[in-house]
Amino acid sequence: MLLKMLRKDFHRKKSITITLFIFVMLSAFLVSSGSIMFIKLFDSIDNLFTTSNTPHFVQMHAGEVDQTEIDRWTSSNSLVKDQQTVEMVGIDGANIFLGNSHEPEKNSVMDISFVKQNKSFDYLLDLENQVIQVSKGEVGVPIYYMQEENLKLGDKVRISNGSFDKEFTVAYFVQDAQMNPSVVSSKRFLVNDADFETLKNNFDEKEYLIEFLLKDLSKLSEFSQAYQSSNLPHKGPSVDYGTFKILNALTEGIVPAVILLVSILLMIIAILCLRLTILATIEEEYREIGVMKAIGIDEHYIKKIYLFKYIVLAALASIAGYLGSLFISPLFIENIMLYIGTTSDNILHQIIPFISVSIIFFIVVFFCRLTLRRFNKITTVEALRAGSIGETKISKGFLPMHKSKYLDVNIFLGLKDILGRLKMFGLLFFVFIVCSIIIIVPVNFLNTIQSPSFIKYMGVGQSDIRIDLQQSDDIVQRFNDVLTYIENDKDVEKFSPMITSRFNVIDSDGVLENISIETGDFSIFPLEYLEGAAPSSGNEIVLSYLNAKEMGKSVGDTLSLIVDDNKKEMVVSGIYQDITNGGRTAKALLPVVNNKTVLWYVVNLDVKRHVNIGDKIHDYTEAFHSTKVTHLEGYLAQTLGGTIEQLKLMTIVAIVIAICVSILITSLFVQMLVAKDYSQIAIMKSIGFSLKDIQVQNVVKVLLVMVIGIIVGTIISNTIGQSLVNVLLSFLGASKIEFVINPVQAYVLCPLILILSVTVTTLLSTKSLKQAKLADLRVE
Amino acid sequence: MKTILEAKRLNKAFGSNQTNQILKDVNVEIVEGEFVSVMGPSGSGKSTLLYNISGMDRMTSGSVILDEQEISSLSEKELARFRLHKMGFIFQQIHLLKNLSIFDNIILSAYMAKKNSRKEINNRAMKLMEKTGIAELADNDITQASGGQLQRVAICRALINNPDIIFGDEPTGALNSKSAVEIMELLAEINQTGTTILLVTHDVKVAAKTERVIYMLDGKIIGEQHLGKYKVKNNDFKEREEKLSKWLMSMGF
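Which chain is which? The protein sequence lines are A and B, in order. Heads up, the first sequence is in our numbering, so the first residue is 8 and it goes up one at a time. Heads up, the second sequence is in our numbering, so the first residue is -13 and it goes up one at a time.
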């Protein structure tokens, strides 16, 4: 009997049932896909790190290496299991041509190195997670370039510096546990041992990765301290196993996190829709419920009849969502697989999504049960006499029409209906708030990250051109040459050389830690500070947000720095935001006493007003080899290019989701409104209201709720939404990002898209109004 | 006298193949200022006739001319405007808008019609409420009035736009006998001011207060009885009722 009733009910309320089904299914689909992606991501990372045998500690070093010294130190250190020194030949982007491009990679922010396959650990793998063995004339290209440059196997990579020219064939794409993520600005190309020797003989720039495998990973910090306090090379940053993992997880984990978030939102919407549907059904069938009670059917059984339908609906939708995710999620996982590699399927890949879908199912059923508690309030006599539960209590006493002098009747009726049934319209209001947040936050964040002013979150002042010089043996000479050239260039308005060196800082436990400190004149291209101001004397230092947070320092606190082998007390004069270099940087007015500790040199400059920045960049690129000359916007685009592209895609997806949700909910809501108000609509038609009048009333109701929803959504987006983005970005080093809002996009276009789609939906959903006539309501 | 409503060969059928014919070639004519009632057993088609000649429902075939306008040629929108300006309706059930006060229910259609200023409309509504004896209910919700009082509200609403004709579908059907008498006397009074009224009823006491009674059976008009204008002061209600009852019995009622 229950099945029969179910079939009948489905035929009677086809569109509502289908909409509810879609919501629960999408929610189940997304939660399942999100959890599959998370499991696979963590599995893949584990798999990649195990297969490649990722080092636990890596010290980068630009300069000569004394392997005997390293070996001696290693053998005396009981924590070390294995050690290897990876030699890398650094080749400037200006000398590399990828694929069919005739333009070299001179503007690339990536530091490109060529390596040979390692012998003991830190293997470079192919897309199938196999250790690559490259033949002569072949090259393994980082996946980053496969995506960015659309490279294919068989394409060519040419290296040419005028005196040397060699072409390689792309035979593999390389998965590199250390340098896979696009946020890591170094990339390793893999060549055959013989080719490596050839390159080594033709390019002078060498860099070393001094890598260690430990016996016990939990002793990593002890080892790191031991290394730092040794005399071993450390002209370059050091990175550890945990950081490699986090970088990989962060890069690929954003999408599944967003998917899970959207699925929770959809589930909330589905539950609210179910509540509305259940209440409308009870209202509609109030008399029938009364009859059932009158003839002695147990209340629990009546509840069961109603609950049965929703259990079946939720179960079928959850199963469909789960099965769908098993088939479709491999498409989502493609990118993870590409960057982090394949993972073998295991039973957990099916069980965990199933558990998460089951949770969705039980939550939905639980809320249905909760809503059905309204049955307890229905008394038989009342149900039979009144025939209507009057669930949506209508307040009538306020807003009398006869006191309104000018307001159009249809607008008035729409407004009055909303105010009279606030609770019912609350669902629509909530959905519109959520939809506008889903649209506005990504749009504003995208706009912010694309804006030139985003540079202030990268620990850099605003300038026209940035020149980067990386470590090399002749770096001091090159740096001086650059400065001399700039000083004599009449087109330059102002410039500021900055030198980043490594210092040691004594932490709260008295242990020495490394810190990169930039020195220079910070008044030429001033930074914006979260707190405090630029250092004004030699004993003042400003810290990046993450450094300050990790060291537990705020403005006015002191920290002990080792400068020229002497301990120096520095006062923290300011804190700034910086998402570059892992978010851990500092700036101070310190003398550069030891060129060996210098990590890199940067020169920022502004050109005079009449000078074309593009031309100037071209001139400087020609003039200084082995430097990176970038337009500030170009620097942003290259550093954040990949993120911006991903964010663009996410924004489009978010807009499409928000519009679809608005359309579905509006359609469902208006159809229910029309069904609920059928008799009231028929009365209005009988006294001379046209179909258009009633459509206008519905559009007024929906749009009014929408406009207020958009306003509230916009306020939330720009306050809580912005704070949420800040929480996420604070992990990267920027804790106080202010949205750069494009008013046309955020306040005109986005609301307009929502308003248009919802208006059309409302008009289409009120088609059934045509049939409403009092002739159907008459009592013979 | 001018004919205000004329239906010719009016047919109405229901069902997927229009097999269930409710009205069969009905012809009816009502002149200005007339007070006409339609009687007949259940299922005879009297309410269907009312809804079709008032444009509330679309006829299957035939013609209805109301105030010199063929209503079957009007679009939905034109028909709505026509109803707003030319017609008033009173139903058996209290079809009032739940979220408006009694006063706002009355003025609603006049605010829509915009024939007068809102101030004038408010004044007219108040006068109508005074006339029908419900002035003190103006600010009440529709839940704060009795069935008889609500039917008076419906009458005020029907009159607010000065319609050419008022249609009533069993206007006293849901009322107690005292309220029914009061409502019928009120309608007779309104008719005497020149408003044409056509109503459907089962009740002989109601029909006896109308000027002409049309009798329907199986979708056809099979007879009519002229009773003349009813006036309370004539004190002839008993005679009218007896005359009508005899005639109805002769028709098989």
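C-beta: ideal position from N, C-alpha, C; glycine also.
When you compare each of the options to residue i by their alpha carbons, which one comes out closest?
i, options, result
"S561 (chain A)", "A:I312, A:K430, A:E538", "A:E538"
"E135 (chain A)", "A:E174, A:D183, A:G243", "A:D183"
"I690 (chain A)", "B:G74, B:E54, B:S28", "B:G74"
"G433 (chain A)", "A:G716, A:S730, A:K20", "A:G716"
"F68 (chain B)", "B:K195, B:Y216, B:D150, B:P157", "B:D150"
"Y234 (chain A)", "A:L534, A:N511, A:S470", "A:N511"
"I169 (chain B)", "B:L82, B:S61, B:G119, B:A99", "B:G119"
"G106 (chain A)", "A:L355, A:F64, A:E174", "A:E174"
"S33 (chain B)", "B:K(-6), B:S58, B:L203", "B:L203"
"V148 (chain A)", "A:E214, A:K159, A:F196", "A:F196"
"T726 (chain A)", "A:K743, A:F738, A:L710, A:S737", "A:K743"
"L185 (chain B)", "B:Q4, B:I39, B:L(-4), B:T5", "B:I39"
"D475 (chain A)", "A:K777, A:I624, A:K316", "A:I624"
"P598 (chain A)", "A:L568, A:I296, A:Y492", "A:L568"
"S215 (chain B)", "B:T46, B:G19, B:L161", "Note that residue 215 (chain B) is Lys in the sequence shown, not Ser. Here the closest residue by C-alpha is B:G19."
"V714 (chain A)", "A:I103, A:A324, A:I620, A:V438", "A:V438"
Quick check on residue i: does DSSP put it in helix, strand or coil?
i, result
"F437 (chain A)", "helix"
"E156 (chain A)", "coil"
"I43 (chain A)", "helix"
"P459 (chain A)", "helix"
"Q90 (chain A)", "strand"
"K173 (chain A)", "strand"
"K84 (chain B)", "coil"
"T769 (chain A)", "helix"
"T61 (chain A)", "coil"
"H638 (chain A)", "strand"
"S523 (chain A)", "strand"
"K(-4) (chain B)", "Strictly speaking, residue -4 (chain B) in this sequence is Leu, with Lys absent from that position. In this structure, L(-4) (chain B) counts as strand in the three-state DSSP scheme."
"N353 (chain A)", "coil"
"M691 (chain A)", "helix"
"S23 (chain B)", "strand"
"H632 (chain A)", "coil"
"D613 (chain A)", "strand"
"H18 (chain A)", "helix"
"M12 (chain A)", "helix"
"E398 (chain A)", "For E398 (chain A), the predicted structure reports a pLDDT of 43, less than 50, and the residue's modelled location is therefore unreliable. A value from the coordinates is still provided. The answer is coil: DSSP assigns E398 (chain A) none of H, G, I, E or B."
"G29 (chain B)", "coil"
"V562 (chain A)", "coil"
"P750 (chain A)", "helix"
"K(-12) (chain B)", "coil"
"G134 (chain B)", "helix"
Please look up how many angstroms separate the CB atoms of residue i and residue j, rounded, as I've assumed it's under 8 Å.
i, j, result
"G466 (chain A)", "T592 (chain A)", "5 Å"
"L240 (chain B)", "L114 (chain B)", "The structure shown does not extend to residue 240 (chain B), since chain B spans only -13 to 239, so no value can be given for it."
"V65 (chain A)", "Q185 (chain A)", "7 Å"
"G205 (chain B)", "G31 (chain B)", "4 Å"
"I762 (chain A)", "L710 (chain A)", "7 Å"
Do residue i and residue j have their C-beta atoms within less than 9 Å of each other?
i, j, result
"V199 (chain B)", "Q211 (chain B)", "yes"
"I150 (chain A)", "N125 (chain A)", "no"
"Y627 (chain A)", "I472 (chain A)", "yes"
"I482 (chain A)", "Y329 (chain A)", "no"
"N91 (chain B)", "I141 (chain B)", "no"
"I446 (chain A)", "I760 (chain A)", "yes"
"V17 (chain B)", "T(-11) (chain B)", "yes"
"S95 (chain B)", "R143 (chain B)", "yes"
### the segment 362 to 377 of chain A / the segment 279 to 296 of chain A touching (three or more Cβ pairs under 8 Å)
yes
### Task
Decide if the segment 448 to 458 of chain A is in contact with the segment 749 to 760 of chain A; the criterion is three or more beta carbon pairs, one per stretch, under 8 Å apart.
When Cβ pairs closer than 8 Å are counted between the two stretches, the segment 448 to 458 of chain A is seen to touch the segment 749 to 760 of chain A, the count reaching three or more.
### Query
On the three-pair Cβ rule with 8 Å, is the segment 41 to 58 of chain A touching the segment 188 to 207 of chain A?
Three or more beta-carbon pairs separated by less than 8 Å are not found between the segment 41 to 58 of chain A and the segment 188 to 207 of chain A, which leaves the two stretches without contact.
### Query
Does the segment 537 to 553 of chain A come within contact of the segment 569 to 583 of chain A, defined as at least 3 CB pairs closer than 8 Å?
With a cut-off of 8 Å, the segment 569 to 583 of chain A and the segment 537 to 553 of chain A count as touching, because enough Cβ pairs lie within range.
### Task
Assess, as a yes-or-no matter, whether the segment 30 to 40 of chain A is touched by the segment 358 to 373 of chain A under the definition of 3 or more beta carbon pairs within less than 8 Å.
Contact holds: three or more Cβ-Cβ distances are below 8 Å.
### Task
Taking 8 Å as the threshold, find out whether the segment 82 to 99 of chain A comes into contact with the segment 209 to 222 of chain A through three or more Cβ pairs.
yes
### Task
Answer yes if the segment 150 to 169 of chain A comes into contact with the segment 613 to 620 of chain A, meaning at least three C-beta pairs across the two stretches below 8 Å, and no otherwise.
no
#### Entry: Stretch pair the segment 246 to 266 of chain A + the segment 131 to 145 of chain A: three plus CB contacts closer than 8 Å
no
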